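2 protein chains.
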Amino acid sequence: MARDDLGAMVARLGRRLLAMEQPILARHGVSMWAYVVLNGLAGGSVRTQAALAARIGADKTRLIPVLDDLQERGLIEREPDPADRRVRLLALTDSGREVHRVVRDEIRTAEEALLEGLAPADREAFVRALVTLS
Amino acid sequence: MARDDLGAMVARLGRRLLAMEQPILARHGVSMWAYVVLNGLAGGSVRTQAALAARIGADKTRLIPVLDDLQERGLIEREPDPADRRVRLLALTDSGREVHRVVRDEIRTAEEALLEGLAPADREAFVRALVTLS
DNA sequence: TTAGATCGTATGCATATGCTTACTATTACG
DNA sequence: CGTAATAGTAAGCATATGCATACGATCTAA
Chain A
1 MARDDLGAMV
11 ARLGRRLLAM
21 EQPILARHGV
31 SMWAYVVLNG
41 LAGGSVRTQA
51 ALAARIGADK
61 TRLIPVLDDL
71 QERGLIEREP
81 DPADRRVRLL
91 ALTDSGREVH
101 RVVRDEIRTA
111 EEALLEGLAP
121 ADREAFVRAL
131 VTLS
Chain B
1 MARDDLGAMV
11 ARLGRRLLAM
21 EQPILARHGV
31 SMWAYVVLNG
41 LAGGSVRTQA
51 ALAARIGADK
61 TRLIPVLDDL
71 QERGLIEREP
81 DPADRRVRLL
91 ALTDSGREVH
101 RVVRDEIRTA
111 EEALLEGLAP
121 ADREAFVRAL
131 VTLS
């Protein structure tokens with residue numbers, strides 16, 4: 001079967017997904033990085049900025065303006081850790097959790113629509129493979 | 001099944017593939033864009049710079065330095081089209097075809113190794129889905 | 001206690017990206 | 001013929017990215 005490189009195809013698909021998500025994020029006034037942060041914090045296992053940066057694959061210095069913005073808008077909290085005063089403990093506010101939930105649901109819905117183009121069995125396998133490879 | 005957004009997983013996989021390809025490209029002195037160009041020209045259906053830019057999703061102005069470099073190194077030819085002297089017809093040289101083949105083969109081999117982590121059936125379905133979605 | 005490591009923050013740099021404008025040569029159309 | 005459109009080229013701009021450095025506050029370990 002003649003096909004492109006995986007890299008080329010994955011890159012194209014990535015651009016397509018990005019284009020799909022952009023309007024959703026814009027509609028809720030959330031940047032891509034802000035959403036990634038909300039997503040990372042929603043997992044619950046991440047509490048410090050360094051851990052968050054490592055988890056989402058971002059530079060810790062570049063994360064700061066994003067966190068500043070999210071904090072100003074009341075979507076996250078940044079409290080000093082009483083046990084280690086170097087650290088700021090991050091947490092979603094109720095408002096942040098709600099925004100994340102809404103945006104995430106819309107993105108999931110759009111993703112499902114995209115996957116409609118696949119045979120059900122392929123869809124299953126595709127997602128499974130993606131989970132394994134990513 | 002709890003999983004990340006498709007966008008997040010595809011982006012991670014993309015970064016992984018990029019990291020995998022980078023050493024291969026570097027070993028042959030080819031930049032990512034140069035390889036994409038060689039790949040686009042290897043298809044055979046593209047002959048002009050504008051068509052190439054459209055095909056690989058690049059800006060036509062940004063393509064120029066890449067083409068200049070490839071031409072200087074004798075990997076492509078850029079001849080004026082006798083039928084339309086605005087146009088430069090692009091073509092791989094034998095040397096360019098060879099470099100492309102070698103790099104592509106190495107990338108394919110590395111990709112196969114990556115896909116080893118999947119069940120054979122999933123691997124098939126994954127590639128099929130990728131072709132459809134990208 | 002002292003030296004070294006870590007966390008958050010600020011700043012700068014080199015590079016990459018997408019977009020826009022402008023210009024020349026050339027072609028296509030009214 | 002003359003105007004509009006197109007191909008290639010050059011240059012600039014705003015933004016984004018990865019990377020490095022520096023600094024104060026604080027913790028850890030010898």
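Sequence lines, in order, name chains A and B.
Heads up: the first sequence at position 7 corresponds to 7 in full-length UniProt numbering, and the numbers run straight through without jumps.
Heads up: the second sequence at position 25 corresponds to 25 in full-length UniProt numbering, and the numbers run straight through without jumps.
Note that beta-carbon positions come from the ideal geometry of N, C-alpha and C, so glycine has one too.
Keep in mind the model is a prediction, meaning the values are calculated, not measured.
Does residue i come within less than 7 Å of chain A when only Cβ atoms are used?
i                      : result
residue 31 of chain B  : no
residue 134 of chain B : yes
residue 131 of chain B : yes
residue 38 of chain B  : no
residue 117 of chain B : yes
Is residue i near the ligand ATP, with its Cβ less than 6 Å from a heavy atom?
i                      : result
residue 134 of chain B : What this structure holds is no ligand at all, so the ligand ATP is not there to describe.
Determine the chain B residues that contact residue i at a beta-carbon separation under 7 Å, and present them in chain order.
i                      : result
residue 109 of chain A : Neighbours of residue 109 of chain A on chain B: none; closest Cβ ~11 Å, over 7 Å.
Name the chain A residues that come within less than 7 Å of residue i, Cβ to Cβ?
i                      : result
residue 12 of chain B  : 134
residue 122 of chain B : 125, 128 and 129
residue 17 of chain B  : 6, 7 and 10
Does residue i get closer than 7 Å to chain B when you measure Cβ to Cβ?
i                     : result
residue 21 of chain A : yes
Considering only the alpha carbon of each residue, which of the options lies closest to residue i?
i                      : options                     : result
residue 64 of chain A  : A:90, A:45 and A:20         : A:90
residue 119 of chain B : A:131, A:111 and A:14       : A:131
residue 133 of chain A : B:9, B:5 and B:3            : B:9
residue 40 of chain B  : B:15, B:76, B:108 and B:16  : B:76
residue 43 of chain A  : B:128, B:104 and B:5        : B:5
residue 82 of chain B  : B:16, B:33 and B:48         : B:48
residue 29 of chain A  : A:127, A:109 and A:99       : A:99
residue 27 of chain A  : A:117, A:104, A:127 and A:3 : A:104
Use the C-beta contact count for residue i: other C-beta atoms within 10 angstroms, 16 or more gives buried, fewer gives exposed.
i                      : result
residue 21 of chain B  : buried
residue 113 of chain B : exposed
residue 34 of chain A  : buried
residue 11 of chain B  : buried
residue 57 of chain A  : exposed
residue 96 of chain A  : buried
residue 53 of chain B  : buried
Just the chain B side, please: which residues come within less than 9 Å of residue i by C-beta, in chain order?
i                    : result
residue 3 of chain A : 127, 130 and 131
Give me the Cβ distance between residue i and residue j, rounded to the nearest whole Å; I'm assuming they're in contact under 8 Å.
i                      : j                      : result
residue 80 of chain B  : residue 88 of chain B  : 6 Å
residue 37 of chain B  : residue 70 of chain B  : 6 Å
residue 24 of chain A  : residue 111 of chain A : Not quite, the Cβ-Cβ distance comes to about 11 Å (not below 8 Å), so this is no contact.
residue 129 of chain B : residue 121 of chain A : Not quite, the Cβ-Cβ distance comes to about 10 Å (not below 8 Å), so this is no contact.
residue 7 of chain B   : residue 115 of chain A : Actually they are not in contact, since the Cβ atoms of residue 7 of chain B and residue 115 of chain A sit about 13 Å apart, beyond 8 Å.
residue 55 of chain A  : residue 66 of chain A  : With a Cβ gap of about 14 Å, residue 55 of chain A and residue 66 of chain A do not count as contacting.
Run down chain B in chain order and give the residues with a C-beta less than 8 Å from the C-beta of residue i.
i                     : result
residue 52 of chain A : In chain order: nothing, as chain B lies at least about 14 Å away.
List the residues of chain A whose Cβ lies closer than 8 Å to the Cβ of residue i, in chain order.
i                      : result
residue 114 of chain B : 6 and 133
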